Amino acid sequence: MAEGFDIVVAGAGHNSLIAAAYLAKADYKCVVLEGRPIVGGGVKSAQLTLRGFTHDICSSAHNGIHGNPILRNDELKLGEYGLEYIYPDPVYHMPFPDGSYLTQWRDLDRTCEEFAKFSKKDGLAYRRMITEYETVKPILNAVTFTPIGFGKPINDRLADHPHGKLWQRRLAMSAWEIIRDTFEDDHCRAFMLGCPYPLQPVQDPMTGRAAYIPLHQQRESRPLPKGGSGALTVALARFIEAHGGVILTNKWVKGLIVENGQCAGVECEDGSSYRAEKAVLSTIHIKHLIDMAPRDLWGQDFIDGVDTWKAGLTLFETNYATTEPPKYAVAGGTLSPVHSGVMVSADRVLRMSFDYARGAVDLEDPSIHAICCSIADPTRAPAGMHTLKIVSYYPYELKEGPRHWDEIKDQVSDANLKFLRRFAANLTDDKILARIVKSPLDLERMNPHNWHGSCHAGGSGPAQTGAMRPAPGWAQHRMPIPGLYQTGATTHPGGSVTGGPGRNAATVMLKDFGTSIEEVVRKTA
Amino acid sequence: MSTISRREFVKTTALAPLAVAPFSMSPQVQKDDRFDIVVAGAGHNSMIAAAYLAKAGYKCLVLEGRPLLGGGVKTAELTLKGFKDDVCSTAHTFLLDNPMMKNDELKLRDYGLEYIDPDPIFHVPFPDGTYLTQWRDLDRTCAEFAKFSKKDAAAYRKMLAEFDAIKPILFGASFTPIGFGKPLNDQLAQQPRGKLWQRRLAMSAWEIIRDTFEEDHCRTFMLYMSHLAAEPPDAPMTGRLAYGTARQQHSGRPIPKGGSGALTEALARFIQTRGGVLLTNKWIKRLIVEDGRCKGVECSDGSSYRAEKAVLSTIHIKHLVDMAPRELWGQDFIDGVDTWQAEHAMFVTHYATSEPPKYAVDGGTLSPVESGILVSPERALRYGYDDARGVVNLEDPSLQVICCSMADPTRAPAGMHTVKVVGWQPYELKEGPEHWDKIKNEVSDAYLKYLRRFSPNLTDDKILACFAESPLDLERMNPHFWHGSAHAGAQSASQTAAMRPMPGWAQHRMPIAGLYQTGATTHPGGSVTGGPGRNAAVVMLKDFGTSIEEVLSKKA
Chain F
324 MAEGFDIVVA GAGHNSLIAA AYLAKADYKC VVLEGRPIVG GGVKSAQLTL RGFTHDICSS
384 AHNGIHGNPI LRNDELKLGE YGLEYIYPDP VYHMPFPDGS YLTQWRDLDR TCEEFAKFSK
444 KDGLAYRRMI TEYETVKPIL NAVTFTPIGF GKPINDRLAD HPHGKLWQRR LAMSAWEIIR
504 DTFEDDHCRA FMLGCPYPLQ PVQDPMTGRA AYIPLHQQRE SRPLPKGGSG ALTVALARFI
564 EAHGGVILTN KWVKGLIVEN GQCAGVECED GSSYRAEKAV LSTIHIKHLI DMAPRDLWGQ
624 DFIDGVDTWK AGLTLFETNY ATTEPPKYAV AGGTLSPVHS GVMVSADRVL RMSFDYARGA
684 VDLEDPSIHA ICCSIADPTR APAGMHTLKI VSYYPYELKE GPRHWDEIKD QVSDANLKFL
744 RRFAANLTDD KILARIVKSP LDLERMNPHN WHGSCHAGGS GPAQTGAMRP APGWAQHRMP
804 IPGLYQTGAT THPGGSVTGG PGRNAATVML KDFGTSIEEV VRKTA
Chain P
-17 MSTISRREFV KTTALAPLAV APFSMSPQVQ KDDRFDIVVA GAGHNSMIAA AYLAKAGYKC
43 LVLEGRPLLG GGVKTAELTL KGFKDDVCST AHTFLLDNPM MKNDELKLRD YGLEYIDPDP
103 IFHVPFPDGT YLTQWRDLDR TCAEFAKFSK KDAAAYRKML AEFDAIKPIL FGASFTPIGF
163 GKPLNDQLAQ QPRGKLWQRR LAMSAWEIIR DTFEEDHCRT FMLYMSHLAA EPPDAPMTGR
223 LAYGTARQQH SGRPIPKGGS GALTEALARF IQTRGGVLLT NKWIKRLIVE DGRCKGVECS
283 DGSSYRAEKA VLSTIHIKHL VDMAPRELWG QDFIDGVDTW QAEHAMFVTH YATSEPPKYA
343 VDGGTLSPVE SGILVSPERA LRYGYDDARG VVNLEDPSLQ VICCSMADPT RAPAGMHTVK
403 VVGWQPYELK EGPEHWDKIK NEVSDAYLKY LRRFSPNLTD DKILACFAES PLDLERMNPH
463 FWHGSAHAGA QSASQTAAMR PMPGWAQHRM PIAGLYQTGA TTHPGGSVTG GPGRNAAVVM
523 LKDFGTSIEE VLSKKA
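Note that the protein sequences, when read in sequence, are chains F and P.
Adding 323 to a residue's 1-based position in the first sequence gives its number in our numbering.
Quick note: the second sequence, position 282, residue 264 per our numbering, numbers continuous.
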């Protein structure tokens, strides 16, 4: 390729695209190489079932990224590149086996009344909890969107908070301890634990922050990009191209080009190679990245870090094309929310981590997270039709081995639907036009970054967060090979659609290039 | 079983500890006696702190609410006359790494403390008739692993070597007050593979064991030793517990001759020899605070004792906070107390028997001092779940079985034995903790019935008496076992190191000036380490303008 590029980006997920966008805005010439035919990684939409039905392949709601300066301060004006958000109301609906239900509305008073249906005390507890959370939210947010070692450590920041010491403990506690001690009614507890399930064992230490997920979505709901989750990465691609960048698909990166100990570019499966004048930015999973250069170049610490990396909890998904949305019985009729879920009890939620740990698929009262974007976004499906995603929670590592998923995935998918029908009886077979089932193994096949089925690239326990993500000593996006940077869910602040790893990586790279992200953002595009 | 029902036995023996003649006390305190230090509660930690302070020349008064000193390090005749039962702790594995013992700083052997090192160290029989025994001889232990997997035997040897290389740093952190030494991560960062250890310590014990061993029996044995700390072995930040077996390979699981309480008795003698006074049956009712400073304590019998320099408390923070007006503690401290969590509680039954447990092994039977039962890794992975939901699970329960009389004949009449059977159950039941009084005998029976599958000789006719303690009983017996927590509370990420007892107050200095805290609610936490005691002494001596090194350098 004749063109000379400053930056070669290996992989096109929303984080690497965000980093590339900031770098392009800073006038570095970027080429983004994506192995699959469509850019976006876990932030991608496609017609998985039938023509005209646009499904989110992995992520749907974009909560985290709304706290990211990229949107909060509109740093890249992505609206001008076609990004538009919808804020569904109700936020989340959870029906219970006893016929009762709890609905979270964007209106706080209305939500508190929903809790009060079960317990007046819990209604007040929820209100108090959100007040407390919003005093600390800016601190947690700042930590999320600051590269490791760049700002004050979180405990120093909390020291400025009137109840900073209490928050130090809360963050180290388990979500279950906080929820159990805050709420008395089991419906309220189940809702707090699972709206949706945080993909962490809720009784594990250091999951305290997950107890506040419902409050995090109280104000801004669970935002959906109009047209699909992928609208974000499509807008980013447009931005990059508008700033002189090049985006190439079907370019599987095979290896890193290392010369005189410096990462100088990448080689692709198709034999093509791309050289970078300044740096290579990778969003390749560290379990695969490590095989793209000689072992001795990484150093023992990094190799130890990769060897001890754990997948964490995994998802099981089925995408449906339907003629109806789920209809839940509520006082005076039915409700069809964008986001709903079934967690039959706090006890059932607590059992999930036990089942994950022992590699068991438990189809008894499975926990379900259902998403029907077409209710709020008609562009997702033909008129009157709907896209429905049913997410459930099962381990990748089965006792029989992960390959066993290919034998059981259809019956697991059927069991989940059968169970959901107990709450949304209208979803009979005649309403279902098509489906596609994705077991944890399929998720990995679909995208190698979903290593061992992990949509967040790996567990987000204390061993793999903060200064230990992806490995102790290598949490600042700078990799052991000079000229190579890492972004994506294997880096701080980790998985889900936050854009944090992307903007943080850009912050570090721009600093290393002798400028700063503030400077770049300040200059008019 | 004798003709008397177990229920009656529990009734008749409940007062047994009170029946025992208390350890010889110095005469009552005289009106004009003055004390530099008043110590509220006589557990092994507060007594260790008092011993160092007494050695430094400070006049100490130690007040204990119960008739016997020692807290969780106490031995009494709980079942029948002549049978010396360890009321709570038995093995003193960690204490021997405390500089107090390692460097013989207090020469406690001169005060009657003598240790026995049982061999084998630990024995675990499995349901399929196989078993794994840890011997003090490393090669012999590796051979035990090799019975199941040669690879795992090599893995164990490698694991031990790696742990031996790093343990000086880990132990150093336990026996240094928070903020006094270099942070653990900084120390690890300077070590080869130090970054790997940073991650290992943040991982779960299960992750490390699963990745290190391939065979289920070997994994189960390793998990057994890691779950003794009463933390769910699959919880993050329990990685250190994966090394529980390696940790005791060289030093074993030593027991004091005469009973666990021999340690606190030796400490009492030491304190008395240094002019200290120890009084029992002195329940602390409240702290005396004057001009915002803690000046002494008041007891429920109306007596009160003043301290010239400081008051040292080993009262559980959940109770301590009620012993002075709320406003004196400050909101941070009160928040820390309110959010304190109990641990997976112990359920203990003491037996007086005419035989030790006998486990079938090649060529006969084995009767070890310590043995345990855990049927599979999966059973251990269930703890977190059962504990979180507050459910008693008697299906294939894991048990710890301790028969000290095997190695220490002084514990029981000739040919007789003391057997302690320990299980783990939640204190908080769905029906409320009081429900324990209804079910405890049936739980105790279920444990024994289950143990007989592995040690069939323990039939009723071999059992002379028994004394069951539910998690609720443990709390009644000693309020420091808050909600049945033998380690005072969970030793999870939110309640260890700089967060024990709570963020901002981990240096033994309490919010009320002149008041210090020690015991299991302080770093490094519960079990018989003496760490909280020596660490508290380090902080207090520094505040008094000297140092523990200076105190030790002067000859006794």
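Quick reminder that beta carbons are idealized off the backbone N, C-alpha and C, glycines included.
As the structure is a prediction and not an experimental result, all values here were calculated from the model.
- Only residues of its own chain outside the window of five on either side were considered, and among them R703, A704, H709, T710 have a CB closer than 6 Å to the CB of S697/F, listed in chain order.
- For L658/F, no alpha helix (DSSP H) encloses it; the enclosing beta strand (DSSP E) starts and ends at 656 to 658.
- A straight-line Cα-Cα distance of about 33 Å links L302/P and K460/F.
- Within the same chain, and ignoring the five residues on either side of A450/P in sequence, the residues whose Cβ sits closer than 7 Å to its Cβ are V(-8), T331, K422, N423, S426.
- Identification of chain P residues near G796/F by a Cβ-Cβ cut-off of 7 Å yields K177, ordered along the chain.
- The bridge partners DSSP lists for N642/F are K712/F, I759/F.
- For H662/F, the beta-bridge partners assigned by DSSP are I694/F.
- Rounded to the nearest whole angstrom, the CA to CA distance from T75/P to V589/F is 55 Å.
- Contacts with chain F (Cβ-Cβ distance below 8 Å) from the stretch 307 to 328 of chain P involve Q313, D314, D317, G318, T321, Q323, listed in chain order.
- Distance from the Cα of D627/F is smallest, within the candidate group G25/P, S131/P, R182/P, for R182/P.
- Across the structure, V533/P and D92/P are spaced so that their CA atoms are roughly 19 Å apart.
- DSSP assignment within the stretch 74 to 156 of chain P yields the following whole beta strand (DSSP E) runs of 3 residues or more, N-terminal first: 104 to 107, 113 to 116.
- Counting along the chain, no beta strand (DSSP E) covers A558/F; the unbroken alpha helix (DSSP H) around it starts and ends at 554 to 565.
- The beta carbon of K722/F lies closer than 6 Å to those of G682 in the same chain, with the five residues before and after it left out.
- Judged by their CB atoms, S156/P and P506/P are nearer to each other than the 8 Å cut-off.
- In the three-state DSSP reduction, E290/P falls in the strand class (E or B).
- V653/F is not a Cβ neighbour of I691/F, given a cutoff of 8 Å.
- Taking C-beta atoms as the reference points, T641/F and L756/F fail to come closer than 8 Å.
- A check of alpha carbon separations from D317/P across S437/P, A58/P, A136/P, P493/P identifies P493/P as the nearest.
- Between H800/F and P476/F the beta-carbon gap is near 18 Å, outside 8 Å, which marks them as no contact.
- Of all residues in the stretch 97 to 109 of chain P, none has a C-beta nearer than 7 Å to a C-beta of chain F.
- The residue from H209/P, G240/P, D455/P, L245/P with its alpha-carbon nearest to that of E360/P is H209/P.
- Excluding five sequence positions before and after V362/F, the CB atoms of its chain that fall closer than 8 Å to its own CB belong to A335, L340, V355, T556, V557, A560, I570, T572, given in chain order.
- In the DSSP assignment, C448/P falls within the unbroken beta strand (DSSP E) covering 445 to 451.
- For G635/F, the nearest beta carbon of chain P is not closer than 8 Å to its own beta carbon.
- Under the Cβ distance rule, Q491/F counts among the residues neighbouring chain P, one pair being separated by less than 8 Å.
- The beta carbons of Q473/P and G508/P sit closer together than 8 Å.
- T572/F is bridged by DSSP to nothing; it lacks a bridge partner.
- Around D378/P, no beta-carbon contact reaches into chain F at under 7 Å, the shortest distance being about 14 Å.
- DSSP, read as helix, strand or coil, puts A369/F in strand.
- Chain order gives the chain P residues near H486/F as Q313, D314, D317, where near means a beta carbon separation below 9 Å.
- Within chain P, the C-beta atoms nearer than 8 Å to that of P528/F come from A217, P218, M219, S474, A475, S476, in chain order.
- Legend: CB atoms of the stretch 428 to 461 of chain F lying less than 9 Å from CB atoms of chain P are not found in any residue.
- In terms of Cβ geometry, I501/F and D700/F do not form a close pair [threshold 8 Å].
- Beyond the five residues adjoining it in sequence on each side, I453/F comes within less than 8 Å, by CB distance, of L431, L538, Q541 in the same chain, given in chain order.
- F328/F has A599/F as its beta-bridge partners, per DSSP.
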